[in-house]
Amino acid sequence: MQKFKEFIIEKLILISGLASIFFVILIFLFLLKEGLALLEFITPGQFLFGKNWYPISEPAQLEILPLILGSLLVTFGAAVISIPIGVGCAIFIAEVSPPSIKEILKAGIELLAAIPSVVLGFIGMVTLVPWVKNIFHIPTGLTALSGSIMLAFMAMPTIVSIAEDALYSVPKSYKEGALALGATKWQAIYRVLLPAASSGIFAAVMLGLGRVIGETMAVMMITGNAAVIPTSILQPVRTLTATIAAEMGEAVVGSEHYFALFAIGIVLFVVSFMINVTADLFLHRKKI
Amino acid sequence: MVKIKIEHLNIWFDSFQVLKDINLEIYENEILSIIGPSNSGKTTFLRMLNRMNELENGFKVNGRVELDQKNIKMLDAQFLRKKVGMVFALPLPLPLTIFENVAYGARIHGEKKKKNLEKIVEQALKKAYLWEEVKDRLNTSAFKLSGGQQQRLCIARTLAVEPELILFDEPCSGLDPISTAKVEQAMLELKESYTIVLVTNNVKQAARVGDRTAFFLNGELIEIDKTAKMFTAPLDKRTDDYIRGKFG
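Heads up: the protein sequence lines correspond to chains D and P, in order. Heads up: the first sequence is residues 81 to 368, going by this note's numbering. Heads up: the second sequence is residues 2 to 249, going by this note's numbering.
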């Protein structure tokens, strides 16, 4: 009887363990099946590198280069803003700030991570967007720049907390060794701590960017959603994620448009997957 | 010549007094060994000389420490630490190559020319008796060296900054007897051009390399004298007991 109980429990745990993997595989297979159906209508090259996204014209033009570039531009902008601030903040928290301020800052960062993206998007829409419009004297503030700024806020908590962990786990002795040689605080940070924590910091950046590229709600609300190839960061753009969210409701099931949205899903999946794998590689890379 | 003069030095960490009214002098080109059981304040004393204690929370000090007749409190901490080098208990190479470990100190003090750096690194490694063992693999990671080699690398790293005084904090506590002998040999050679303060838990090591020996107990300096005298006819009974291994 005891043995039977043991057997049941063991199998139940095994099943729950396998279930998560199983569901991921199912989702991936479904995505592949629906997405690859698009190949009947268009070649992969044209889908990825064509310039026109007119899903409801006759015949539909389903080419996602503008969307890819839109996503990349917004992500790139967010990276430029969030990496220096995030890494700087992590250095400050881990190495410079007195313990009392450190706790407050850490709590603040966690709070920032807890803000739902739709709220951030909403705040961006009513504060940031008019501000961008007035400063640059452009017809609309719904631009890639606005999206980048808001997304930088979303990437920052991830970057700060993981980079701070990485810095914190550098043995204290490295810093002492450097200081004992007469290094200043900054020299010790710059030449010893940062290199020693570099793989962790890189992983932090990648995970932050992974969050940015998959983010949907806020970008949909404030980037303007114009599916054209962007030539400047002050133009409205449309991202891959926003396209799926905005159009899935109106696409006819089984139509080209419907399959194209799934194909976009595959593209996103591949990009996020690559970013996460890279981050993971660096996080678990052996130190020299 | 008096290199370092310490007067009425008291140190607290929070409310605990670690050192009590220490007065002593350290002469140029001598090896002063400091012995005593753990928690006697030896390491705190050593870290006072290059002001590393300041990095800890709750540190308080009064009294006077002079280096070449100058109060070290008035000196710039970076300048002081360049003059007063330190070798730690555990060999702690930086996560860099062998070459970069030794060049690090010279670099932070402004040396940029590759040629000069190469010269500094070679000389420092030779003085630390490590050059022959590593000269063909200067660009490999310092972590690939053995423990004893790493400790000599740390000595070389300290030497590369051209200090006047070197503090050794139990430098052989993690080393085998052969590596220990090499480090001691290096110390005896270095005495010619540097002043050395050696904190050690190994009484025999103090007897082997120290010109003078100081005995610390519970934060007090019990006795300081020529090593030969300390080990044959100490004045204080507690010194005698400790040296004979009756406690600690």
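Beta carbons are placed, not taken as given, at the ideal position from N, Cα and C, and that holds for glycine. Just so we're clear, the structure is a prediction, and the values are computed from it rather than from any experiment.
- Residues of chain P whose Cβ lies closer than 9 Å to the Cβ of arginine 318 of chain D do not exist; the shortest such Cβ separation is about 44 Å.
- The Cβ neighbour count for glutamate 143 of chain D, taken over all protein chains shown within 10 Å, is at least 16; the residue is labelled buried.
- When CB distances to chain P are screened at a threshold of 9 Å, the residues of the segment 266 to 294 of chain D falling below it are Gln267, Ala268, Arg271, Val272, Pro275 and Ala276, in chain order.
- Contact between the segment 155 to 167 of chain P and the segment 127 to 146 of chain P is present: 3 or more CB-CB pairs across the two stretches fall below 8 Å.
- Straight-line spacing of the CA atoms in glycine 59 of chain P and alanine 234 of chain P works out to 39 Å.
- Collapsing the DSSP output to three states places asparagine 63 of chain P in a strand.
- Classified as buried, asparagine 51 of chain P has 16 or more neighbouring CB atoms from the shown chains inside 10 Å of its CB.
- Per DSSP, reduced to three states, the secondary structure at threonine 201 of chain P is coil, with no helix or strand assignment.
- The segment 257 to 264 of chain D and the segment 198 to 208 of chain D do not touch, with fewer than three beta-carbon pairs separated by less than 8 Å.
- In the displayed model, histidine 337 of chain D falls within a helix according to three-state DSSP.
- Taking 9 Å as the Cβ-Cβ cut-off, the segment 240 to 262 of chain D approaches chain P at Val250, Pro251, Ser253, Tyr254, Lys255, Glu256, Gly257, Ala258, Leu259, Ala260, Leu261 and Gly262, given in chain order.
- As summarised for the segment 257 to 288 of chain D, the continuous alpha helix (DSSP H) elements at least 4 residues long and confined to that stretch are 265 to 268, given in chain order.
- The beta carbon of proline 38 of chain P does not come within 8 Å of any beta carbon belonging to chain D, so the residue lies off that interface.
- Glycine 290 of chain D is positioned such that its CB atom lies no closer than 8 Å to that of asparagine 214 of chain D.
- Tyrosine 243 of chain P: member of the alpha helix (DSSP H) spanning 238 to 244, first to last residue.
- For methionine 87 of chain P, the residues of chain D that pass the 7 Å Cβ criterion are Ala260, in the order they occur in the chain.
- No Cβ-Cβ contact shorter than 8 Å links glutamine 151 of chain P with proline 96 of chain P.
- Taking C-beta atoms as the reference points, glycine 227 of chain D and valine 299 of chain D count as a pair closer than 8 Å.
- Methionine 49 of chain P sits in a helix when the DSSP states are folded into three classes.
- Closest option to phenylalanine 342 of chain D, judged by alpha-carbon separation, among D/Ile89, D/Gly97 and D/Leu119: D/Leu119.
- What threonine 123 of chain D touches in chain P, judged by beta-carbon distance under 8 Å, is nothing: the nearest beta carbon there is about 49 Å away.
- Contacts with chain D at 8 Å (Cβ-Cβ) do not include leucine 218 of chain P.
- For secondary structure counted as the beta strand (DSSP E) over 3 or more consecutive residues, the segment 145 to 193 of chain P holds these complete runs in sequence order: 166 to 170.
- Proximity of the segment 274 to 292 of chain D to the segment 300 to 316 of chain D falls short of the contact definition, fewer than three beta-carbon pairs being nearer than 8 Å.
- Between histidine 110 of chain P and chain D, the shortest Cβ-Cβ separation is below 8 Å.
- Bounds of the alpha helix (DSSP H) holding valine 160 of chain D are 145 to 171.
- Isoleucine 218 of chain D has its alpha-carbon roughly 42 Å from the corresponding atom of alanine 277 of chain D.
- Not a single C-beta of chain P is nearer than 8 Å to the C-beta of threonine 323 of chain D.
- The contact set of threonine 264 of chain D on chain P, defined by CB atoms closer than 9 Å, consists of Ala78, Gln79 and Ile109 in chain order.
- Excluding five sequence positions before and after cysteine 169 of chain D, the CB atoms of its chain that fall closer than 7 Å to its own CB belong to Val240, given in chain order.
- DSSP places alanine 90 of chain P in the coil class of the three-state scheme, outside both helix and strand.
- Taking aspartate 170 of chain P as reference, the option from P/Val19, P/Ile23, P/His9 and P/Thr44 with the minimal CA-CA separation is P/Thr44.
- Residues of the segment 54 to 67 of chain P with a C-beta less than 9 Å from any C-beta of chain D: Leu56 and Asn58, listed in chain order.
- Per the C-alpha coordinates, the member of D/Phe349, D/Trp211 and D/Ile93 positioned closest to glutamate 295 of chain D is D/Phe349.
- Nearest to leucine 208 of chain D by C-alpha distance, out of D/Phe233, D/Ala187 and D/Lys186, is D/Phe233.
- The beta carbons of phenylalanine 248 of chain P and phenylalanine 46 of chain P sit no closer together than 8 Å.
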